[in-house]
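Colleague: As numbered in full-length UniProt numbering, residues 1 to 783 make up the sequence shown, in order.
A virtual CB, placed ideally from N, CA and C, is assigned to each residue, including glycine.
I'd like to ask you about the structure that follows.
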Amino acid sequence: MSISSSTSLRSSPISATLERRLEAVENTRANNVSFEQTKEKIRKMLLEKVELSVSAYDTSWVAMVPSPSSQTAPLFPQCLSWLLENQHEDGSWGLDHHPSLKKDMLSSTLACVLALKKWGTGERQISKGLQFIELHSASVTDETMEKPAGFDIIFPGMVEYARDLNLVIPLGSQVVDAMIQKRDLDLTSESFSRGREAYLAYVLEGTRKIQHWDLVAKYQRRNGSLFDSPATTAAAFTQFRNDGCLRYLSSLFQKFDSAVPTVYPFDQYARLSIIDTLESLGIDRDFKNEIRSVLDETYRCYLRGDEEICLDLATCALAFRLLLAHGYDVSYDPLKPFAEESGFSNTLEGYLKNTVSVLELFKAAQSYPHESALKEQCLWTKQYLEMELSNWPITSARDQYLKKEVEDALAFPPYASLERLDHRRRLLRGFCLENTRVMKTSYCFLNVCSSDILNLAVEDFNFCQSIHGEEMKRLDRWIVGNRLQELKFARQKLAYCYFSGAATLFTPELSDARVSWAKGGVLTTVIDDFFDVGASKEEMENLIHLVEKWDLNCVPEYCSEQVEIIFSVLRDTILETGEKAFVYQGRSVTHHIVKIWLDLLKSMLREAEWSSEKATPSLEDYMENAYVSFALGPIVLPATYLIGPLMSEETIGSPEYNQLYKLMSTMGRLLNDIQGFKRESAQGKLNGVSLHMIHDQDNRSKEEEVIECVKGMAERKRVELQKLVLEEKGSVVPRECKEAFLKMSKVLNLFYRKDDGFTSQDLMSVVKSVMYEPVTLQDESLT
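Okay, structure coming up:
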């Protein structure tokens with residue numbers, strides 16, 4: 001559902017007070033013309049072809065292409081006209097951007113000067129261009145400035161070409177000699193590799209005198225281009241007269257009038273990046289139709305091996321990750337060559353040490369961890385990124401942002417990351433509004449406005465947070481109204497319980513699921529403490545009997561006030577959840593919710609009996625009971641009824657549904673047992689780790705070895721769960737409902753990274769920031 005649709009909110013059985021507030025806020029947002037215009041602009045970003053900025057550098061190389069019928073005339077005179085008309089006041093050509101990209105402006109300016117000189121036109125523009133080069137000549141050898149790809153080969157090559165044209169470049173002989181010497185050393189000193197071979201073909205503009213077509217032809221794409229680069233393809237046609245190159249160059253002017261971008265086509269990566277950004281900021285739900293349209297097209301291209309996707313590592317990895325996350329049946333075969341670092345090194349991206357490509361490969365590998373090839377890919381990409389961080393050059397705002405993105409990717413694995421934490425972190429780390437990127441030259445997306453996306457994300461985050469605050473107030477009143485605070489033995493953990501749902505099921509229309517999740521968490525904590533330290537055997541059995549009997553027509557018989565408090569709130573909560581679920585499901589599911597709670601109570605009683613009898617169950621008996629007693633059933637299972645999709649009796653009774661529950665709960669139990677092992681051992685309690693040691697037949701395993709073994713078991717359960725959630729073929733559980741199990745597994749991995757739940761001060765700080773601290777940005781962040 002879209003939060004922009006007030007009717008979708010009315011159709012959900014949210015409490016009347018909250019519903020009225022939601023509608024009031026929604027109406028305000030709907031009437032905000034600027035807000036709606038922003039969303040419409042983002043929709044257009046997704047549905048329309050992405051427009052790249054004009055590249056003066058590439059246009060100049062296309063302008064230098066001679067006509068096949070006459071070597072003294074340009075094949076594309078319109079490009080020459082564009083150069084004459086688009087010089088900046090300071091004599092340069094190229095984008096106006098950060099001073100650290102001065103080398104890019106020098107490269108573009110020199111290329112434009114060469115094109116004008118070649119055809120004997122634009123003396124005034126040539127003179128101004130040479131003045132700009134002379135004024136900024138120190139930047140040519142300044143190693144602190146960002147270099148366009150291939151600058152150390154292409155720029156000296158252009159200087160040599162200027163000599164052929166009898167054009168003196170005002171750089172100074174020492175600078176020129178040093179550049180050419182370094183270039184020649186680069187060209188002759190390195191050993192051969194496929195990555196280097198691809199690189200030399202890519203920088204053909206600077207190596208045109210030493211290249212042979214047979215070394216270049218292997219990189220020609222079906223559209224006739226080399227690397228989808230107009231500049232490289234223009235240099236190749238000028239030198240080799242290849243028909244495919246001519247076909248590509250001619251096709252550019254069916255799309256563009258008189259100037260070309262630095263890469264074409266480039267639509268797939270740009271639009272996939274927008275989708276990834278929208279999802280990473282939590283605002284993708286407003287654009288589901290547009291996202292589906294883009295991904296449908298991407299899927300068709302992926303299946304047929306479209307070169308725009310499969311020959312670009314970053315695009316291929318990003319497409320794989322997004323398609324997989326959205327339920328498309330995709331093969332990881334295109335990524336297999338990069339299972340080892342050597343496969344990456346053999347590519348152009350590998351030779352250029354393209355960090356963005358490695359980061360996308362890392363993320364893709366993490367999204368599908370049960371394939372051995374991608375496990376290897378995950379290992380080497382992680383090590384690669386860690387090495388890059390140790391020596392990261394910061395030359396622009398984009399460098400700073402990319403560094404932080406790599407740090408976050410390494411520090412916060414997706415299996416232990418909660419969506420709302422990720423959204424807030426990305427907003428506050430300084431969402432990169434710098435739209436300029438650099439390949440052989442700089443470029444930007446003309447119809448992609450990062451500030452629009454950022455403004456929408458900030459407003460949406462704070463809007464959802466305000467709703468969460470209202471729900472928390474209701475839950476506080478619920479606790480007091482049901483006297484739960486009077487149970488002195490019980491831990492009061494509402495903030496954590498609500499946070500675990502709000503950080504994952506965060507959208508307004510999931511209010512009922514969120515509240516059910518939180519109440520389930522509060523009650524399971526209370527009941528766990530009741531069976532653990534607060535109840536006699538009689539009270540335990542009394543509570544179970546009341547739930548088992550479930551007679552709403554007679555007055556319950558309580559053996560204590562504690563039982564009365566617990567059963568009363570449990571009964572009312574089950575009935576409330578059942579009533580809400582009926583609206584979503586169109587049938588009564590209360591009997592199932594009762595059974596979920598009854599199974600939990602019986603499992604807790606069994607553990608209490610083992611403890612009182614000092615029994616030592618087998619590891620199998622313990623785990624079969626322990627995954628239920630871990631108490632995730634009453635939290636997650638009722639919430640799946642309130643997410644939206646229909647859940648039939650057949651679905652609830654399916655092996656898939658029960659396996660999702662068991663994998664999630666078993667993983668959680670094992671993580672809990674690892675973290676609580678020492679404390680529970682000191683208290684004389686059994687858990688999975690201690691039972692492993694007790695039942696070790698050889699009695700040789702050390703504590704550290706057993707813990708590592710149990711960690712491995714938990715990890716395997718996590719991977720199995722992720723695989724089952726992603727599996728579409730033969731699945732009967734709706735994807736949105738399966739995601740709830742995966743979301744809880746992420747909560748558990750986050751909560752148990754340091755302590756055995758509910759005790760980390762760092763975690764409490766995170767809870768407060770997500771729940772109560774609105775996102776605010778400085779005005780300069782939005783410019």
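1) So, at 8 Å on beta carbons, what are the nonlocal neighbours of Lys49 in its own chain, with the 5 sequence-adjacent residues on each side left out?
2) Alpha carbon to alpha carbon, how far is Val547 from Tyr657? Give it in angstroms, no decimals.
3) Can you round the beta-carbon distance between Tyr248 and Phe227 to whole angstroms, since I take them to be within the 8 Å contact cut?
4) By a C-beta neighbour count over all protein chains shown, 10 Å radius and 16 as the cutoff for buried, is Gly757 buried or exposed?
5) Pop quiz: Pro74 and Pro66 are said to be a contact at Cβ under 8 Å. What is the actual Cβ separation, rounded to whole angstroms?
6) Hey, out of Glu703, Met667, Met664, whose CA is closest to Ser681's CA?
7) Checking 9 Å against the spacing of the C-beta atoms, do Leu670 and Thr616 come in under that value?
8) For residue 793 versus Ser139, is the C-beta distance shorter than 9 Å?
9) Kindly identify the DSSP beta-bridge partner or partners of Leu52.
10) Rounded to whole angstroms, what's the CA-CA distance from Ser765 to Glu609? Just pull it up for me.
11) Does the distance from the C-beta atom of Tyr57 to that of Ala231 stay below 9 Å?
12) Examine the Cβ distances between the region 262 to 279 and the region 83 to 96 and report whether three or more of them are shorter than 8 Å.
13) Less than 8 Å between C-beta atoms, sequence neighbours within five positions excluded: which residues of the same chain meet that for Val175?
14) Grouping DSSP H, G and I as helix and E and B as strand, with all else coil, what is Arg753?
15) Apart from the five residues just before and just after Glu64, which ones in its own chain have a Cβ nearer than 6 Å to its Cβ?
16) Could you compute how far the alpha carbon of residue 784 sits from the alpha carbon of Asn553?
17) Helix, strand or coil: how does DSSP classify Val775 here?
18) For Val438, list the residues DSSP reports as bridge partners.
19) Report the rounded CA-to-CA distance for Glu579 versus Phe445, giving the unit in angstroms.
20) Are the CB atoms of Cys310 and Pro334 nearer to each other than 9 Å?
21) Between the C-alpha atoms of Glu143 and Leu252, what's the straight-line distance to the nearest angstrom?
22) Is the separation between the beta-carbon of Ile635 and that of Trp517 shorter than 9 Å?
23) In angstroms, rounded to a whole number, what distance separates the CA positions of Ala325 and Ala319?
24) Hey, which unbroken runs of the alpha helix (DSSP H) at 4 residues or more fall wholly within the region 184 to 221?
25) So Glu290 packs on Leu456, CB below 8 Å; how close in whole Å?
26) Note the first and the last residue of the continuous alpha helix (DSSP H) segment covering Ser654.
27) With Val358 and Thr381 assumed to form a contact (beta carbons below 8 Å), what rounded beta-carbon distance in angstroms separates them?
28) Would a C-beta distance cut-off of 9 Å place Leu724 and Gln659 closer than the cut-off?
29) Could you give the C-beta distance for Ile565 and Glu486, rounded to a whole number, given that I count them as a contact under 8 Å?
30) For Pro369 versus Glu146, is the C-beta distance shorter than 9 Å?
31) Compute the beta-carbon to beta-carbon distance between Ile544 and Leu632, rounded to the nearest angstrom, for a pair I have assumed lies under 8 Å.
32) Going by CA-CA distance only, name the one from Pro734, Asp257, Gly282, Ile274 that's closest to Cys464.
33) Touch check for the region 493 to 500 and the region 618 to 631: three-plus C-beta pairs under 8 Å?
34) Please report the distance separating the alpha-carbon of Val526 from that of Glu541.
35) Taking all protein chains shown into account, decide if Ser390 is buried (16 or more other Cβ within 10 angstroms of its Cβ) or exposed.
36) Please say whether Ser745 and Ser664 have beta carbons closer to each other than 9 Å?
Modeller: In this structure, then:
1) Taken in chain order, the residues that qualify are Asp267.
2) Cα to Cα, the separation comes out at about 24 Å.
3) The pair is not a contact, with the Cβ atoms about 11 Å apart (cut-off 8 Å).
4) Legend: pLDDT at Gly757 = 45, less than 50; position of this residue unreliable, no value from coordinates given.
5) Sure, about 7 Å apart at Cβ, within 8 Å.
6) Considering only alpha carbons, the answer is Glu703.
7) The beta carbons of Leu670 and Thr616 sit no closer together than 9 Å.
8) Residue 793 lies beyond the range of the chain shown here (1 to 783); nothing can be said about it.
9) For Leu52, which the question treats as bridged, DSSP gives the partners Phe445.
10) Each residue's alpha carbon lies about 38 Å from the other.
11) The answer is yes: Cβ separation under 9 Å.
12) When C-beta atoms of the region 262 to 279 are compared with those of the region 83 to 96, fewer than three pairs fall below 8 Å, so the two segments do not count as touching.
13) Within the same chain, Val175 has close Cβ partners Ser137, Val140, Thr141.
14) Three-state result, Arg753: coil.
15) Here residue 64 turns out to be Met, not Glu, going by the sequence shown. Only residues of its own chain outside the window of five on either side were considered, and among them Ala115, Lys118 have a CB closer than 6 Å to the CB of Met64, listed in chain order.
16) Given a span of 1 to 783 for the chain in the structure shown, any question on residue 784 remains unanswerable.
17) Three-state result, Val775: coil.
18) According to DSSP, Val438 shares a beta bridge with Ser442.
19) Glu579 and Phe445 have their alpha carbons spaced roughly 50 Å apart.
20) It is a contact, given that the beta carbons lie within the stated cut-off.
21) Here the C-alpha atom of Glu143 lies approximately 35 Å from the C-alpha atom of Leu252.
22) Yes, they are a contact pair.
23) When only Cα atoms are considered, Ala325 and Ala319 end up about 10 Å apart.
24) For the alpha helix (DSSP H) assignment, the uninterrupted runs of no fewer than 4 residues enclosed by the region 184 to 221 are, from N- to C-terminal side, 194 to 202, 213 to 216.
25) So it is not a contact: roughly 14 Å between Cβ atoms.
26) No alpha helix (DSSP H) holds Ser654; DSSP gives it neither H nor E.
27) Yes, they are in contact, since the Cβ atoms of Val358 and Thr381 sit about 5 Å apart, within 8 Å.
28) For Leu724 and Gln659, yes; Cβs fall inside 9 Å.
29) Between Glu486 and Ile565 the Cβ distance is about 7 Å, and since that is below 8 Å, they are a contact.
30) For the 9 Å CB-CB criterion, Pro369 and Glu146 do not form a contact.
31) By a beta-carbon distance limit of 8 Å, Ile544 does not contact Leu632. Their separation comes to about 19 Å.
32) Its Cα nearest to that of Cys464, the residue Gly282 stands out among Pro734, Asp257, Gly282, Ile274.
33) The answer is no - the region 618 to 631 does not touch the region 493 to 500, with fewer than three Cβ pairs under 8 Å.
34) Going by the C-alpha atoms only, they are around 16 Å apart.
35) Ser390 is exposed by the Cβ-count criterion.
36) For clarity, residue 664 is Met in the given sequence; the question names Ser instead. Yes, the Cβ-Cβ distance between Met664 and Ser745 is below 9 Å.
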